[in-house]
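First comes the structure, then the notes that go with it.
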Ligand code: NAD
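Numbering (our numbering), first residue to last: 59 to 471.
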């Protein structure tokens, strides 16, 4: 379903258009579009059967003008330097947009972790973290989970780092709560997505109560976003996962569906709704379409069949740049990923702050602070959108790039 997108070309294109919009100085533009540091490491793994494998790992540190590099580590066969570079740059813009004191980084290993045993996965994770140890640090670069990495892997990372440098819980975020993870982190990206949908409805004079919502992807982000929007009174009329979709024009029973999904690890087999395919779900008539699965799912070949008023990009990069241009011309409002899904990194930042304070905040406190950050970022972006008469994506990039450029200049070279 998803097309492999040229990530670097897409992120360069977005950066340059937004830089034009704010009249960014050419010299600063060059510095901001190039990563500060790129580390490529060989990660050997002794398999359970005694054989030896070798994998390629990466950590790209894009920019730290506003604070330590921050960004996830991805374990996936398709990870390559180009992908990691563009994801690292996106993190610089995302952290600046929600105004948290971080830069941007990203890392990964080119590996299919489903082919490894649990012990092999642990050995690989620890070896990778040892390999990148020279460039990370609690005030230098703070990794986090991304595709196919999770709290358990963060616990191994933290432990490995601690054996070399002494106990340092703030070296990674997205840890298990028992080891210094933050309350509210698990739901944060979905909660942030729902907050952004609510603010968008206000901006466009749409009524969220009774609004028809379609969600592609019912994992961490999609299911939490669905749950919060359901609580806000929206009707979730279609959802899908890797096995296909479900459609009910009267609205699906989301709490029941979440229980079914937790038990069966899929929405397939749920008692309510008509089965539809993952292509069909994108064409369902609705107010809000929330892609919350993969990148590149809305592209030049299928964009004309969409039937929604607003797209809320919960996944990273679900709309390709050519499709984005078509949607803008058609007047379909697209709320960009760097704004919509920034709730995750925002609560990661809260986790780091709690670790530095050696203190734990209540879940209510975390959620209230998340709400403030998301609403403030939304209003910055909508006022930039109005003042520059541009798309919300360009406005989000413009706010973020402007902030990073100011810090870059103030620090001096
Ligand atoms: P997840 O693995 O928990 O869930 C992914 C969901 O997408 C699953 O329901 C899966 O079945 C579904 N899916 C996979 N392939 C699909 C396909 N071909 N068609 C339809 N559905 C498919 O992942 P997640 O953490 O919910 O992340 C979803 C997206 O949000 C990703 O793009 C991720 O990069 C982005 N994101 C996540 C976070 C976070 O905190 N989890 C933060 C920022 C961005």
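We treat Cβ as the ideally placed atom computed from N, Cα and C, and that holds for glycine.
Among 99, 250 and 260, which has the Cα closest to the Cα of residue 48?
The first residue shown for the chain is 59 and the last is 471, placing residue 48 beyond what the model contains.
Just the Cα atoms here: how many angstroms apart are residue 211 and residue 203?
8 Å
At a cut-off of 7 Å, is residue 155 close to ligand 2 when judged by its beta-carbon and the heavy atoms of the ligand?
Only ligand 1 can be found as ligands here, which leaves ligand 2 out of the picture.
Does ligand 1 have a heavy atom nearer than 7 Å to the CB of residue 280?
yes
Report yes or no: do three or more beta-carbon pairs, one from the stretch 311 to 326 and one from the stretch 336 to 352, lie closer than 8 Å?
no
Just confirm the distance between the C-beta atoms of residue 164 and residue 130, as a whole number of angstroms; I'd bet it's less than 8 Å.
6 Å
Whose C-beta lies closer than 6 Å to the C-beta of residue 369 among residues of the same chain, with five residues either side of it excluded?
347 and 392
Residues in its own chain within less than 7 Å of residue 66 by CB, not counting five upstream and five downstream?
140, 143 and 144
Helix, strand or coil for residue 199? Go by DSSP, reduced to three states.
strand
Can you grab the Cα-Cα spacing for the pair residue 241 / residue 419, in whole Å?
8 Å
Run through the stretch 68 to 128 for me and flag every whole beta strand (DSSP E) of 3 or more residues, listed as ranges in chain order.
95 to 104 and 110 to 121
Indicate, with yes or no, if ligand 1 has a heavy atom lying under 7 Å from the CB of residue 335.
no
Is it the case that the CB of residue 197 approaches a heavy atom of ligand 1 more closely than 7 Å?
no
Assign residue 222 to buried or exposed, taking buried as 16 or more other Cβ atoms, counted over all protein chains shown, within 10 Å of its Cβ.
exposed
Which residues in the same chain as residue 495 place their Cβ atom closer than 8 Å to its Cβ, once the five residues preceding and following it in sequence are excluded?
What the structure shows of the chain is the stretch from 59 to 471, and residue 495 is not part of that stretch, so it cannot be assessed.
Note down, one range per segment and in chain order, each alpha helix (DSSP H) of at least 4 residues found wholly within the stretch 312 to 336.
312 to 322
Residue 127, buried or exposed, once every other Cβ within 10 Å from all chains shown has been counted against 16:
buried
Three CB pairs or more closer than 8 Å across the stretch 247 to 262 and the stretch 431 to 444
yes
Please give me, in chain order, every unbroken run of the alpha helix (DSSP H) with length at least 4 that falls completely inside the stretch 272 to 304.
278 to 289
Could you give the DSSP three-state label for residue 391: helix, strand or coil?
strand
Tell me the rounded alpha-carbon separation between residue 191 and residue 179.
18 Å
Roughly how many angstroms lie between the CA atoms of residue 312 and residue 285, to the nearest whole one?
6 Å
Thinking just about the alpha-carbon of each residue, which of 72, 279, 83 and 92 is nearest to the one in residue 464?
83
Boundaries of the beta strand (DSSP E) in which residue 166 is found, first to last residue:
162 to 167
Name, in chain order, the residues that DSSP records as bridge partners for residue 209.
Paired residue(s): none; residue 209 is not in a bridge.
Take residue 156 and list the residues in its own chain whose beta-carbon comes closer than 6 Å to its own, dropping the five residues that flank it on each side.
400, 404, 431 and 435
Is residue 263 near ligand 1, in the sense that its beta carbon is under 7 Å from a heavy atom of that ligand?
no
Which residue comes first and which comes last in the alpha helix (DSSP H) that contains residue 367?
It is not in any alpha helix (DSSP H) - residue 367 instead sits in the beta strand (DSSP E) that spans 366 to 370.
Continuous alpha helix (DSSP H) stretch holding residue 460: start and end
450 to 469
Taking 7 Å as the cut-off, is the C-beta of residue 267 nearer than that to any heavy atom in ligand 1?
no
Going by DSSP, name the residue or residues bridged to residue 130.
202
Buried or exposed by the 16-neighbour rule on C-beta atoms within 10 Å, applied to residue 274
buried
Figure out for me which residue from 381, 351 and 350 has the closest Cα to the Cα of residue 363.
381
Just mark residue 88 as buried or exposed, buried being the case when its beta carbon has 16 or more other beta carbons within 10 Å.
exposed
Should residue 375 and residue 246 be called a contact, given that it needs their Cβ atoms to be closer than 8 Å?
no
Beta strand (DSSP E) containing residue 349: first to last residue?
344 to 349
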